[in-house]
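Residue numbers (this note's numbering): 152 to 358.
Each residue gets a CB set at the ideal place from its N, CA and C atoms; glycine is no exception.
As the structure is a prediction and not an experimental result, all values here were calculated from the model.
To start, the structure itself, in structure tokens.
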Ligand SMILES: [Zn+2]
């Protein structure tokens with residue numbers, strides 16, 4: 152009989168600022184959190200030392216990336232150009248941390264999805280699979296992205312199916328195309344040197 156898959160979970164913490172631009176009340180104001188991430192990895196079989204993966208690998212790969220990129224940074228909605236440009240200018244003129252741009256509001260849900268995607272990339276060459284990522288924004292409030300949604304996120308760029316699409320497929324494809332364009336813009340902004348950040352660079356008709 153095949154052994155049941157086993158998971159292991161590494162907890163990681165960091166401090167960051169964010170605001171939920173279109174929030175109905177106080178979360179639209181810039182504020183900070185002590186974020187906690189739970190990164191859960193899964194394996195069908197344990198390694199020869201009886202582990203899914205060494206906890207230190209998750210800490211080094213994913214925690215190291217968080218320390219370099221998200222810790223004491225501002226997590227910004229791609230549409231929040233005023234905050235993004237403020238942070239870019241502070242980074243350029245005062246050496247502060249550059250902002251990290253998200254494809255939507257930087258809620259716990261969106262941060263969990265982004266970290267699940269990143270954790271998969273950061274752990275790819277270890278052969279470890281990410282099963283689940285949970286983000287605690289406060290001790291009482293968390294959001295979880297599961298393996299199923301990680302796989303779905305990975306497939307967002309899947310091409311148009313052959314033949315004439317049904318209206319539903321066409322609508323799905325338009326949503327996927329839109330997401331893909333936003334993703335490309337976000338990736339470009341997160342890679343861009345500070346001088347190459349400008350406000351309102353995107354063709355609004357494309358959104
Ligand atoms: Zn918040």
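{"Asked": "Segment limits, alpha helix (DSSP H) that includes residue 189", "Found": "First-last for residue 189: 182-194, but that is the beta strand (DSSP E), not the alpha helix (DSSP H)."}
{"Asked": "For residue 281 and residue 271, believed in contact at Cβ under 8 Å, the rounded distance", "Found": "5 Å"}
{"Asked": "Sheet register partners of residue 293 (DSSP bridge)", "Found": "287"}
{"Asked": "Check: residue 260 C-beta below 7 Å from any heavy atom of ligand 1", "Found": "no"}
{"Asked": "Residue 211 versus residue 317: straight-line alpha-carbon distance, rounded", "Found": "46 Å"}
{"Asked": "Span of the alpha helix (DSSP H) around residue 337", "Found": "318-342"}
{"Asked": "Own chain partners of residue 193 with C-beta closer than 6 Å, once the 5 adjacent residues on each side are dropped", "Found": "156, 158, 280, 282"}
{"Asked": "Unbroken alpha helix (DSSP H) run spanning residue 216, endpoints", "Found": "215-220"}
{"Asked": "Nearest-angstrom Cβ-Cβ length linking residue 213 and residue 273, presumed shorter than 8 Å", "Found": "5 Å"}
{"Asked": "Reduced DSSP category for residue 155 - H, G, I as helix; E, B as strand; rest coil", "Found": "coil"}
{"Asked": "Alpha carbon of residue 330 to alpha carbon of residue 237, nearest angstrom", "Found": "25 Å"}
{"Asked": "Whether residue 334 touches residue 254 by CB criterion (8 Å)", "Found": "yes"}
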